[in-house]
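Residue numbers (the numbering used here): 5 to 261.
This report refers to the structure that appears directly beneath it.
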Amino acid sequence: MPIPADVTGEEIDKDVRQELQSLPKTLADDVARNLVMVARLIDEDPEGAYGYSKVALRLASRVAAVREAAGFAAYANQKYSEALAEFRAARRMTGSVELWPVMADCERGLGRPEKALDMAGAPEVHKLDKAGQVEMRLVAAGARRDMGQLDAAIVTLQSPELASSSVQPWTARLRYAYADALLAADRESEAREWFAKAVEADRDGSTDASDRLAELDGVDFVDALDEGEDDGESEETETGNGIEAPGADTGEADDKD
């Protein structure tokens, strides 16, 4: 697959670069450039990222970082069985528990929420750092919802991290998941409160909490480019709720439960 000339391979994390030192230099450089492309495309073009991950895997399947990258690329394309196999391979190579939450989420993707819950109660969870433990809690709550256990999902998310007023990298997603679970349980006023709290913590737009909050408040957004396309339309555009819509949309961000 073609790689832009500005991608040198030097962009990758130094720990990954160190792993690649076991390879001949030319091969290491080729693998590194493909891994850069995986990282560059995985959010906007997951299919493209998957293609580059397969090239890296063909070149260096015995490198843990390559197996991990292939796992995340497969995961982004909802190829959960393949992702789980790659994550397991990476874990065998490194002995690290870091991938435990995403492995559990793959079990959810494969329709095995009970297995994900078993993993949430495994000793490996205690070896995770705080971010990993929060991620595991999110996965466990998702598994409860998969099983129709809404109240249990809500309780699972109730934690010191949720109650904390400090904002951490996981705070917005945790608050969002809690708000979404409350809304699914028809606890709309509480859900609105927590979507608002998620908005406060969402500094990089990792969730669509602002859109969900606006929806609960009955606000519709109309793209400015859509206004005035029909010469016979009024200059004012009203939503179905009788609220004048602003002249620009807010944009959207995706979220992984």
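Just so you know, even glycine gets a beta-carbon here, dropped at the ideal spot from N, CA and C.
By the Cβ-count criterion, Ala9 is exposed, with fewer than 16 other Cβ atoms from all chains shown falling within 10 Å of its own Cβ. The Cβ-Cβ distance between Leu121 and Ala147 falls below 9 Å. As summarised for the region 161-203, the continuous alpha helix (DSSP H) elements at least 4 residues long and confined to that stretch are 164-167, 175-188, given in chain order.
Arg141 places its beta carbon less than 9 Å from that of Ser163. Val106 is classed as buried because its beta carbon has at least 16 other beta carbons within 10 Å across all chains shown. For Asn81, there is no enclosing alpha helix (DSSP H), as DSSP marks it with neither H nor E. Sequence-distant partners of Gly75 (beyond 5 residues in either direction) whose C-beta falls short of 7 Å from its own C-beta, in its chain, are Ala87, Glu90, Phe91, Ala94. Closest by C-alpha distance to Ala53, out of Ala73, Thr30, Leu63, is Ala73. Nearest neighbour of Tyr84 by Cα position, chosen from Thr98, Arg207, Arg116, turns out to be Arg116. Residue nearest to Leu217 within the set Trp198, Asp47, Arg37 is Trp198 (criterion: CA-CA distance). The region 72-150 is shown to contain whole alpha helix (DSSP H) runs of 4 or more residues at 84-98, 104-113, 117-124, 134-150, in chain order. Ranking Asp133, Ala124, Ala189 by CA distance to the CA of Gln153 puts Ala189 first.
For Ser57, the three-state secondary structure derived from DSSP is helix.
Annotated as distal: Asn81 and Pro127, with beta-carbon spacing of 9 Å or more. Assignment of Asp33 by DSSP, reduced to helix, strand and coil, places it in the helix class.
Taken through DSSP and simplified to helix, strand or coil, Leu27 comes out as coil. Just so you know, the alpha carbons of Tyr56 and Val35 end up roughly 9 Å apart. Between Asn38 and Leu178, the alpha-carbon positions lie close to 32 Å from each other. By the beta-carbon neighbour count (other beta carbons within 10 angstroms, threshold 16), Met41 is buried. The Cβ atoms of Leu161 and Ala185 sit closer than 9 Å to each other. Taken through DSSP and simplified to helix, strand or coil, Asp19 comes out as helix. Between Gln137 and Val129, the alpha-carbon positions lie close to 6 Å from each other. DSSP places Arg66 outside any alpha helix (DSSP H), giving it a letter other than H or E.
Counting along the chain, the unbroken alpha helix (DSSP H) around Asp215 starts and ends at 213-220.
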